[in-house]
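First comes the structure, then the notes that go with it.
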Amino acid sequence: MQGFKNPRLIIRQLSSTIPKRPLFDQVFPQKKLINKILFELDSKLNYGTLLPAYESVYDGMNKLDREPRLPTSFVASDVMVMKKVLEKVRRKSKSINVHLLALENALLEKAAEMGDNDGIALLAFEVLKDASKQPVSDVEHAKKLIKELKNLNHPLTLKLTGDLVFKLGDYNGAENWYKRFLKLEDETYLAGEVYQQLGVIYFKKAALQDAENSFLKSVKFCPLERVVHSYYYLAQIYLNSDPIKARFLMESAATEGFVQSFRALGFLEKDYFQNNRKALEWFRLGMELLEVDCFIGYFDCCIQQKDWQKASKCLKSLEEILGNHPNARATLAQFKEKRKATINSLESERHLGESSIESAKSGDNLSQENETRSRWDL
Numbered sequence: 001m002q003g004f005k006n007p008r009l010i011i012r013q014l015s016s017t018i019p020k021r022p023l024f025d026q027v028f029p030q031k032k033l034i035n036k037i038l039f040e041l042d043s044k045l046n047y048g049t050l051l052p053a054y055e056s057v058y059d060g061m062n063k064l065d066r067e068p069r070l071p072t073s074f075v076a077s078d079v080m081v082m083k084k085v086l087e088k089v090r091r092k093s094k095s096i097n098v099h100l101l102a103l104e105n106a107l108l109e110k111a112a113e114m115g116d117n118d119g120i121a122l123l124a125f126e127v128l129k130d131a132s133k134q135p136v137s138d139v140e141h142a143k144k145l146i147k148e149l150k151n152l153n154h155p156l157t158l159k160l161t162g163d164l165v166f167k168l169g170d171y172n173g174a175e176n177w178y179k180r181f182l183k184l185e186d187e188t189y190l191a192g193e194v195y196q197q198l199g200v201i202y203f204k205k206a207a208l209q210d211a212e213n214s215f216l217k218s219v220k221f222c223p224l225e226r227v228v229h230s231y232y233y234l235a236q237i238y239l240n241s242d243p244i245k246a247r248f249l250m251e252s253a254a255t256e257g258f259v260q261s262f263r264a265l266g267f268l269e270k271d272y273f274q275n276n277r278k279a280l281e282w283f284r285l286g287m288e289l290l291e292v293d294c295f296i297g298y299f300d301c302c303i304q305q306k307d308w309q310k311a312s313k314c315l316k317s318l319e320e321i322l323g324n325h326p327n328a329r330a331t332l333a334q335f336k337e338k339r340k341a342t343i344n345s346l347e348s349e350r351h352l353g354e355s356s357i358e359s360a361k362s363g364d365n366l367s368q369e370n371e372t373r374s375r376w377d378l
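Under full-length UniProt numbering, the first residue of the sequence shown is numbered 1, with each subsequent residue one higher.
Structure follows, in structure tokens:
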């Protein structure tokens, strides 16, 4: 596919905001990880060829007059492979190294300059994401490039167009663009991401059978870290018909730090499996991320177990979190109103419990048998 030279697009690079960088060897990933990712990408390139190319681009990022030295055999798609390798490193590590991210952005710009249509599409949509802060000429040029790529039926451009209109809430429009993409490729990792988006659209429309089929295709073609929403929504679909399968899918989402899964798993363990111990563990994880529903679930579990001390601490933490935010005070008031009798009796029960504990301490010296606090306790 013919690319467009010199797209003249602006990307918000971190390279312009970081005055000093560490040495390349101090930030670049290990050889074993790079080779593993190259294998996953089914690339003909190898570590020995890529390493000096990465270093050349990295060293030249803050030197506008220095052109990166790439092997003469390199084409635009090879530079995009270099970019994709760093992207996978970022996703696998679940962390962002600002220096590697700047290198990733520099490689994206270089690939676009060399005429790679994927690179041009990504840069063009990057401009449109924040069009109000970009020069009018860049915005118009980005729109022109996107239009030309659409006319070429460029797959990534069709997907990114669907993503853009999806974020704007035009689900019917997004569905049309995604279906156009799937006519061109339907068994790739990008197709897996598209199936996930289609599944969300069908789920919102209550077309659960279509949603399930789309999510199942999504998890078939994509690794977990790229389609964690598919696991979460499939769990929602199976919640009533197959709670065990729902729990497995939700736990998979939780391994990726998907916040909503902590809440859902907590209530699933509490209300369906009647396992307060596991429920408390999931709620604790959610509480670390200040998920309000997890505080509520944790409080209810403590009340069921008559653990007045932990329930009281949880209530105090919830009051501190919600009380400092005017928009959340209504939620706190509603929570207290629904559990008014429980909260009123909590103080008296807690005081009785404390008296018993003090008596036991003086009589039997049981202080060493108190439950050891874990790192999750508030």
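Ideal Cβ positions, reconstructed from N, Cα and C, are used throughout, including at glycine. On a predicted model such as this, the values are computed, not experimentally measured, just so you know.
| Query | Result |
| --- | --- |
| Rounded C-alpha distance that separates L318 from P243 | 29 Å |
| Cβ neighbour criterion (16 or more within 10 Å) applied to L160 | buried |
| At least three beta-carbon pairs within less than 8 Å, the segment 134-143 to the segment 80-96 | no |
| Which listed residue (H325, L190 and Q260) has its alpha carbon closest to that of Y232 | Q260 |
| Per-residue burial, D364 [other beta carbons within 10 Å of its own, 16 or more giving buried] | Confidence at D364 is low in this model, with a pLDDT of 40, below 50, so the placement of that residue is unreliable and no value is reported for it. |
| Rounded C-alpha distance that separates V81 from L184 | 21 Å |
| Counted within 10 angstroms of its Cβ, other Cβ atoms place G266 as buried (16 or more) or exposed | buried |
| Exposed unless 16 or more other CB atoms sit within 10 angstroms - verdict on T157 | buried |
| Pairwise C-alpha distance: L168 and L346 | 47 Å |
| Run of the alpha helix (DSSP H) containing V81, from where it starts to where it stops | A76 to S93 |
| K20 - DSSP class collapsed to helix/strand/coil | coil |
| Where I357 sits in the DSSP three-state scheme | Only weak support is given to the placement of I357: the predicted model assigns it a pLDDT of 36, under 50, and the question is left unresolved by the model. |
| Three-way DSSP call (helix, strand, coil) for L290 in this model | coil |
| Local conformation of L41 per DSSP, three classes | coil |
| Reference V189, options K220, I37, L38 and A112, closest by Cα | The displayed chain sequence assigns Tyr, not Val, to residue 189. Answer by Cα proximity: K220. |
| Which of helix, strand or coil DSSP assigns to E300 | Per the sequence shown, the amino acid found at residue 300 is Asp instead of Glu. The answer is helix: DSSP assigns D300 an H, G or I state. |
| Per-residue burial, A254 [other beta carbons within 10 Å of its own, 16 or more giving buried] | buried |
| Supposed contact pair F258 and G286 - C-beta distance, whole angstroms, cut 8 Å | That pair is no contact at about 11 Å. |
| Of the residues E113, A206, P155 and E140, the one placed nearest V194, counting alpha carbons only | P155 |
| CA nearest to the CA of L182, picked from N153, A341 and Q309 | N153 |
| Counted within 10 angstroms of its Cβ, other Cβ atoms place L229 as buried (16 or more) or exposed | Residue identity differs from the one stated: residue 229 is His in this sequence, not Leu. With 16 or more Cβ atoms within 10 Å of its Cβ, H229 is classed as buried. |
| Whole-Å CB distance - L51 paired with K83, under 8 Å assumed | That belief does not hold up - the Cβ atoms of L51 and K83 are roughly 15 Å apart, past 8 Å. |
| Buried/exposed call for I303, threshold 16 Cβ in 10 Å | buried |
| Whether G192 touches V165 by CB criterion (8 Å) | no |
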